[in-house]
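Quick note on UniProt numbering: the sequence shown kicks off at 1 and runs consecutively.
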Amino acid sequence: MNILAIDTSCARASCAISSNNKLLAFIEDPELQMQAEHLFSLIDQAFKQANLNYQDITHLAVTNGPGSFTGIRIGLSAAKGILFAAPHISPICVTNFQVAAYRARKQISRKAQNIIVLLEASSTLLYVQTFNMDLEPISETEVMNNIQAINYIKSFDKLTAISGSGISLVNVYDFPENIIILPRFGQINARSLIMTAGNLQDLSSQIQPLYIRPPSAKPSIFF
């Protein structure tokens with residue numbers, strides 16, 4: 001399985017190529033907010049680094065949110081164009097929750113039962129989703145304030161890991177021993193995306209944005 005991954009959900013566009021879960025290429029744009037202008041140039045650079053081309057690719061992975069409203073649409077539009085031009089490639093749509101859960105699973109030294117992902121929605125709100133250790137979601141995506149998130153985390157009595165960009169809104173609380181607060185990781189990019197995609201149980205997915213449903217969501221601002 002040869003995967004091309006593109007991520008435009010954050011400030012820097014990036015792309016990566018892997019073969020059977022071995023990373024062959026990773027390119028990240030040094031410039032901020034230039035996803036539309038530079039994405040296909042980055043892809044060309046990655047192909048040269050991996051010594052592959054579109055005909056060698058079996059799957060295309062792309063992030064669909066949460067993240068930059070404009071950036072995600074750029075990535076999804078690019079993915080649709082690639083899939084139209086190369087119909088032999090299968091799509092893998094990956095949420096940033098799944099990427100965070102995969103990275104959390106890699107960090108855990110003890111066997112946890114669940115992973116709760118907290119992603120920043122604003123300075124006071126969090127996007128929240130929970131996964132099992134097979135990276136399968138066991139809850140819907142929700143929007144919570146820090147008090148709601150703390151109470152939600154406290155409701156888990158099994159060993160549970162907490163991960164994501166929104167940890168700072170809850171880590172002031174003294175959680176019981178079964179709750180593991182993992183170190184905050186850096187920005188999600190195509191390297192973490194491609195490793196996540198290669199470890200998902202279900203690779204069949206459609207290229208569409210992740211919408212977090214009302215009443216919590218503000219679709220004019222966030223996915």
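Glycine residues also receive a C-beta, built at the ideal position from the N, C-alpha and C atoms. If you're wondering where the values come from, they're calculated on a predicted model, not measured in any experiment.
Discussion item. Measuring straight from C-alpha to C-alpha, what distance separates residue 157 and residue 178?
Written reply: Distance between the alpha carbons of residue 157 and residue 178 is about 7 Å.
Worksheet item: Residue ranges of each beta strand (DSSP E) run of no fewer than 3 residues wholly in the UniProt domain "Gcp-like" (36-139), ordered along the chain?
Response: You should have 59-63, 90-94, 114-120, 125-132.
Worksheet item: Can the beta-carbon of residue 99 be found less than 8 Å from the beta-carbon of residue 192?
Response: Taking C-beta atoms as the reference points, residue 99 and residue 192 count as a pair closer than 8 Å.
Discussion item. Does the structure place the region 26-33 close enough to the region 159-176 that three or more beta carbon pairs sit under 8 Å?
Written reply: The answer is no - the region 26-33 does not touch the region 159-176, with fewer than three Cβ pairs under 8 Å.
Item to complete: Would you decide whether residue 32 is buried or exposed? Buried here means 16 or more other CB atoms lie within 10 Å of its CB.
Response: Looking at its Cβ environment, which holds fewer than 16 other Cβ atoms inside 10 Å, residue 32 is exposed.
Practice prompt. Please report the residue range of the beta strand (DSSP E) in which residue 192 lies.
Written response: Here residue 192 belongs to no beta strand (DSSP E); instead the alpha helix (DSSP H) covers 190-197.
Practice prompt. Flag residue 208 as yes when its Cβ comes closer than 7 Å to any non-hydrogen atom of the ligand ATP, and as no otherwise.
Written response: This structure lacks the ligand ATP; in fact it carries no ligand of any kind.
Discussion item. Rounded to whole angstroms, what is the Cα-Cα separation between residue 60 and residue 68?
Written reply: Between residue 60 and residue 68, the C-alpha separation is close to 20 Å.
Fill in: Proximity winner among 161, 50, 174, 141, relative to residue 65 (alpha-carbon distances)
Comparing alpha carbon positions, the residue from 161, 50, 174, 141 closest to residue 65 is 141.
Worksheet item: Taking Cβ to Cβ, would you say residue 42 is nearer than 8 Å to residue 18?
Response: If you check the CB distance, residue 42 and residue 18 do not come in under 8 Å.
Worksheet item: When you compare each of 199, 200, 131, 176 to residue 151 by their alpha carbons, which one comes out closest?
Response: Per the C-alpha coordinates, the member of 199, 200, 131, 176 positioned closest to residue 151 is 176.
Worksheet item: Looking at residue 113 and residue 52, is the spacing between their C-beta atoms short of 8 Å?
Response: No, they are not a contact pair.
Worksheet item: Taking buried to mean at least 16 other C-beta atoms within 10 Å of its own C-beta, is residue 20 buried or exposed?
Response: Here residue 20 is exposed, its C-beta having fewer than 16 other C-beta atoms within 10 Å.
Discussion item. Helix, strand or coil, according to DSSP, for residue 181 in the structure here?
Written reply: It is a strand residue.
Worksheet item: In the region 140-171, which residue ranges form an unbroken alpha helix (DSSP H) of at least 4 residues, counting only runs that do not cross its ends?
Response: With a minimum length of 4 residues, the continuous alpha helix (DSSP H) runs that stay inside the region 140-171 are 146-154.
Worksheet item: Would you call residue 47 buried or exposed, if buried means 16 or more other Cβ atoms sit within 10 Å of its Cβ?
Response: Buried, by the Cβ-count rule.
Worksheet item: Apart from the five residues just before and just after residue 10, which ones in its own chain have a Cβ nearer than 8 Å to its Cβ?
Response: Once the five neighbours on either side are set aside, the close Cβ partners of residue 10 are 67, 68, 71, 187, 188, 189.
Worksheet item: Would a C-beta distance cut-off of 8 Å place residue 235 and residue 8 closer than the cut-off?
Response: In this structure the chain extends from 1 to 223, so residue 235 is not present and cannot be described.
Discussion item. Output needed for residue 181: all residues of its chain with C-beta closer than 6 Å, excluding positions within five of it in sequence on either side, in chain order.
Written reply: Only 162, 171 meet the Cβ criterion.
Worksheet item: Quick one, which of 74, 174, 6, 124 has its alpha-carbon nearest residue 44's?
Response: Per the Cα distances, 6.
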